[in-house]
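S.K.:
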Amino acid sequence: MTSRLLHYPGTASQSLPSIRKIKEEFHLDEELFRTIQGFREKIINIVSKQTRKALFLVGPCSIHDTSATLEFARKLKTVSEYVSDKIMLVMRVYCEKPRTSTGWKGFLYDPDLNHTNDVAKGIRMTRELMLEINRIGIPVGTEFLDPLTCHYYQDLVSWGSIGARTSSSQIHRQLASGLPMPIGFKNSTDGDLLNAVNGMIAAKHSQRHIGLDEDGKACMITTSGNPNTHLVLRGGESKPNFDRPSVAYALELLATNELPLRLMIDCSHDNSRKDHELQEEVFNEVIEQITHGNDSIVGLALESHLEDGKQELGSSLKYGVSITDSCLGWKITEQLILRA
């Protein structure tokens, strides 16, 4: 159904189901609600340093295949049972992808991988997939990219991030201030930390902003502020920032701005110079820093899939291989987790 509300030349709009309708179709029952609340509380305990456990965010750069995603979740659940005394594993389930210019914008926008952009289908499939991952017993972590679409699934997420391209965005800072789970702010793609730090400051305070209710009507929203934000170091275009001097500088900046001394380190992206195999080197250095007493590092992130590397989006795709950034394969991922 095409709407006539907008009259910009060359544009068209398509009606989408309301948040309420999608939540009714893919219902979060009371038992699973309590499970997710439990996941969130455990992560809050980690980022607030009330426990010595570390948070590991592990999973594909982006999801594109429900079968492979669920297989990965089951593998992650199995290995989690061996390390649960010291590590909390959260699955990276990124259904929307920020693009530097153009490209596939993610499973939610184009679930059929053919540029048809069936967003209504993508919303339904995303929610159904996140429900199933939670049922497997693995917490969901994701980047909150679109402030409209995120409300279709945010009740299923236990850890969230504001990405490198949006940490300076007022809209995303407002969004983070009202989200009911710990939120990591990533440093900018150029390596600057101040945008993320300012994002943390903004998000911890109550905000008033325009949003949508569950029926899709515009409304004023007042948030309570998010006390569980933290910094995520992902490297920058000029250099990585997982090394000890970079971590010390980040902690000094947090202290100067009277923010809690807590951060995660992304082993991928510019910290690995976008070479998936170098994630192991970053991982080992981060674990060494934690082992040597840096309790301000509360966790890390790995981009991992069933198989290593990446492939171009096309008609003949290999099972379990990323279609965006290169990922570590499951075998090495499992080894890293077990020896951490």
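Under the numbering used here, the residues of the sequence shown are numbered 1 to 340, in order. Using N, Cα and C, we set each Cβ at its ideal position, and we do this for glycine too.
#1: Examine the Cβ distances between the stretch 31–49 and the stretch 209–225 and report whether three or more of them are shorter than 8 angstroms.
#2: Applying the criterion that 16 or more other CB atoms from any shown protein chain within 10 Å of the CB defines a buried residue, is T166 buried or exposed?
#3: Measuring straight from C-alpha to C-alpha, what distance separates M200 and T229?
#4: Could you please give me the residues that DSSP links to L131 through a beta bridge?
#5: By DSSP's criteria, F56 is part of a beta bridge. Which residues make up the other side?
#6: Among the residues of its own chain, which have a CB less than 7 angstroms from the CB of E132, if the five just before and after it don't count?
#7: Which runs of the alpha helix (DSSP H) fall wholly inside the stretch 164–210 and span at least 4 residues, in chain order?
#8: To test your reading of the DSSP string, which unbroken beta strand (DSSP E) runs of 3 or more residues are found completely within the stretch 199–264?
#9: Assuming L233 contacts I183 (C-beta within less than 8 angstroms), just tell me the rounded distance between them.
#10: Quick check on the DSSP output: the beta strand (DSSP E) that includes V83 runs from which residue to which?
#11: To the nearest angstrom, how far is it from the Cα of Y319 to the Cα of H305?
#12: Could you pull out every residue in the same chain whose Cβ sits closer than 6 angstroms to the Cβ of N45, ignoring the five residues on either side in sequence?
#13: How is L156 classed by DSSP in three states: helix, strand or coil?
#14: Taking 8 angstroms as the cut-off, does the stretch 131–147 touch the stretch 155–163 (at least 3 CB pairs, one atom from each stretch)?
#15: Evaluate the contact criterion for the stretch 245–254 versus the stretch 201–209: three or more CB pairs, one atom per stretch, below 8 angstroms.
#16: By DSSP, does T142 sit in helix, in strand, or in coil?
#17: Can you tell me whether DSSP reads K121 as helix, strand or coil?
#18: Report the three-state DSSP secondary structure of L148 (helix, strand or coil).
#19: Buried or exposed: K53, going by 16 or more other Cβ atoms within 10 Å of its Cβ?
#20: Report yes or no: do three or more beta-carbon pairs, one from the stretch 265–275 and one from the stretch 72–86, lie closer than 8 angstroms?
#21: Please state the DSSP three-state secondary structure of Q289.
#22: Taking C-alpha atoms, which residue in L28, L129 and Q14 lies nearest to G20?
#23: Do you know offhand how far S169's Cα is from I162's?
#24: Starting from the C-beta of V90, find all residues in its chain whose C-beta is less than 6 angstroms away, skip the five residues before and the five after it, and write them out in chain order.
#25: So, is R173 buried or exposed, given that buried needs 16 or more other C-beta atoms within 10 angstroms?
#26: So, under 8 angstroms CB-CB, A250 and L263 are touching, yes? Tell me the CB distance rounded to an integer number of Å.
#27: So I44 is in the alpha helix (DSSP H); what residue range does that whole segment cover?
#28: So the candidates are L194, P17, R339 and K310; which of them puts its Cα closest to the Cα of I123?
#29: Give the straight-line distance between the Cα atoms of A196 and K42, rounded to the nearest whole angstrom.
#30: Sort S62, Y152, G103 and T78 by Cα distance to E24 and report the nearest one.
#31: Sorted by chain position, which residues of the same chain lie with C-beta nearer than 6 angstroms to S188's C-beta, five sequence neighbours on each side aside?
#32: Could you give the DSSP three-state label for L108: helix, strand or coil?
#33: Tell me which residues share the same chain as S177 and place their Cβ nearer than 8 angstroms to its Cβ, disregarding the 5 neighbours each side in the sequence.
M.R.: According to the structure shown:
#1: Below 8 angstroms, too few C-beta pairs join the stretch 31–49 and the stretch 209–225 to call them touching: fewer than three.
#2: Residue mapping note: residue 166 aligns to position 166 of the sequence shown, counting from 1. Classification for T166: buried.
#3: As a first step, residue 200 must be located in the sequence shown, where it is residue number 200. As a first step, residue 229 must be located in the sequence shown, where it is residue number 229. If I take the Cα positions, the gap works out to 6 angstroms.
#4: Here residue 131 is taken as the residue at index 131 of the sequence shown, counted from 1. DSSP, once it has assigned bridges, lists no residue as partnering L131.
#5: By 1-based counting over the sequence shown, the position of residue 56 is 56. For F56, which the question treats as bridged, DSSP gives the partners L89 and L300.
#6: In the sequence shown, residue 132 corresponds to position 132, counting from 1. Excluding sequence neighbours, E132 sits near L70.
#7: Contiguous alpha helix (DSSP H) elements confined to the stretch 164–210 occur at 170–178 and 194–203, taking only those with 4 or more residues.
#8: Listed in chain order, they are 208–212, 218–222 and 229–233.
#9: For the purposes of this step, residue 233 is taken as the residue at position 233 of the sequence shown. For the purposes of this step, residue 183 is taken as the residue at position 183 of the sequence shown. With a contact defined as Cβ atoms closer than 8 angstroms, L233 and I183 miss out at about 15 angstroms.
#10: In the sequence shown, the residue the question calls residue 83 occupies position 83. Here V83 belongs to no beta strand (DSSP E); instead the alpha helix (DSSP H) covers T66 to V83.
#11: Within the sequence shown, residue 319 is the residue found at index 319, counting from 1. Within the sequence shown, residue 305 is the residue found at index 305, counting from 1. So the alpha carbons of these two residues sit roughly 10 angstroms apart.
#12: Indexing the sequence shown from 1 puts residue 45 at position 45. Closer than 6 angstroms at the Cβ level, and outside the excluded window around N45, lie T51.
#13: Numbered from 1 along the sequence shown, position 156 holds the residue referred to as residue 156. Note: L156 maps to helix in three-state DSSP.
#14: By the criterion of at least three beta-carbon pairs nearer than 8 angstroms, the stretch 155–163 is in contact with the stretch 131–147.
#15: Flag = no, the stretch 245–254 and the stretch 201–209 do not touch.
#16: For the purposes of this step, residue 142 is taken as the residue at position 142 of the sequence shown. Residue state, collapsed to three classes: strand.
#17: Here residue 121 is taken as the residue at index 121 of the sequence shown, counted from 1. Look at K121 here: in three-state DSSP terms it is helix.
#18: For the purposes of this step, residue 148 is identified with residue 148 of the sequence shown, where counting begins at 1. L148 sits in coil when the DSSP states are folded into three classes, being neither helix nor strand.
#19: In the sequence shown, residue 53 corresponds to position 53, counting from 1. Counting Cβ neighbours within 10 Å, K53 comes out buried, since at least 16 surround it.
#20: Touching, no.
#21: Within the sequence shown, the letter at position 289 stands for residue 289. Per DSSP, reduced to three states, the secondary structure at Q289 is helical.
#22: By 1-based counting over the sequence shown, the position of residue 20 is 20. Reading the sequence as shown, one finds Arg at residue 20 and not Gly. Considering only alpha carbons, the answer is L28.
#23: Here the question's residue 169 lines up with position 169 in the sequence shown. Here the question's residue 162 lines up with position 162 in the sequence shown. About 9 angstroms.
#24: The residue labelled residue 90 in the question sits at position 90 within the sequence shown. Excluding residues up to 5 positions away in sequence, L57, P139, G141 and W159 lie with their Cβ nearer than 6 angstroms to the Cβ of V90 in the same chain.
#25: One-based indexing of the sequence shown puts residue 173 at position 173. Note on R173: 16 or more other CB atoms within 10 angstroms of its CB, so buried under the neighbour-count rule.
#26: One-based indexing of the sequence shown puts residue 250 at position 250. One-based indexing of the sequence shown puts residue 263 at position 263. So it is a contact: roughly 6 angstroms between Cβ atoms.
#27: Within the sequence shown, numbered from 1, the residue matching residue 44 stands at position 44. Here the alpha helix (DSSP H) through I44 covers E30 to V47.
#28: Taking the sequence shown and counting its residues from 1, the one referred to as residue 123 is at position 123. Of the residues L194, P17, R339 and K310, the one whose Cα lies closest to the Cα of I123 is P17.
#29: By 1-based counting over the sequence shown, the position of residue 196 is 196. By 1-based counting over the sequence shown, the position of residue 42 is 42. The C-alpha of A196 lies about 24 angstroms from the C-alpha of K42.
#30: Against the sequence shown, residue 24 aligns to sequence position 24. The closest CA to that of E24, considering only S62, Y152, G103 and T78, is found on Y152.
#31: Along the sequence shown, one-based indexing puts residue 188 at 188. A164 and N195, listed in sequence order.
#32: To locate residue 108, count along the sequence shown from 1; it is residue 108. Correct three-state label for L108: coil.
#33: Within the sequence shown, numbered from 1, the residue matching residue 177 stands at position 177. Cβ neighbours of S177 beyond the five flanking positions: A202, A203, K204, H205, S206, Q207, T223, S224, G225 and N226.
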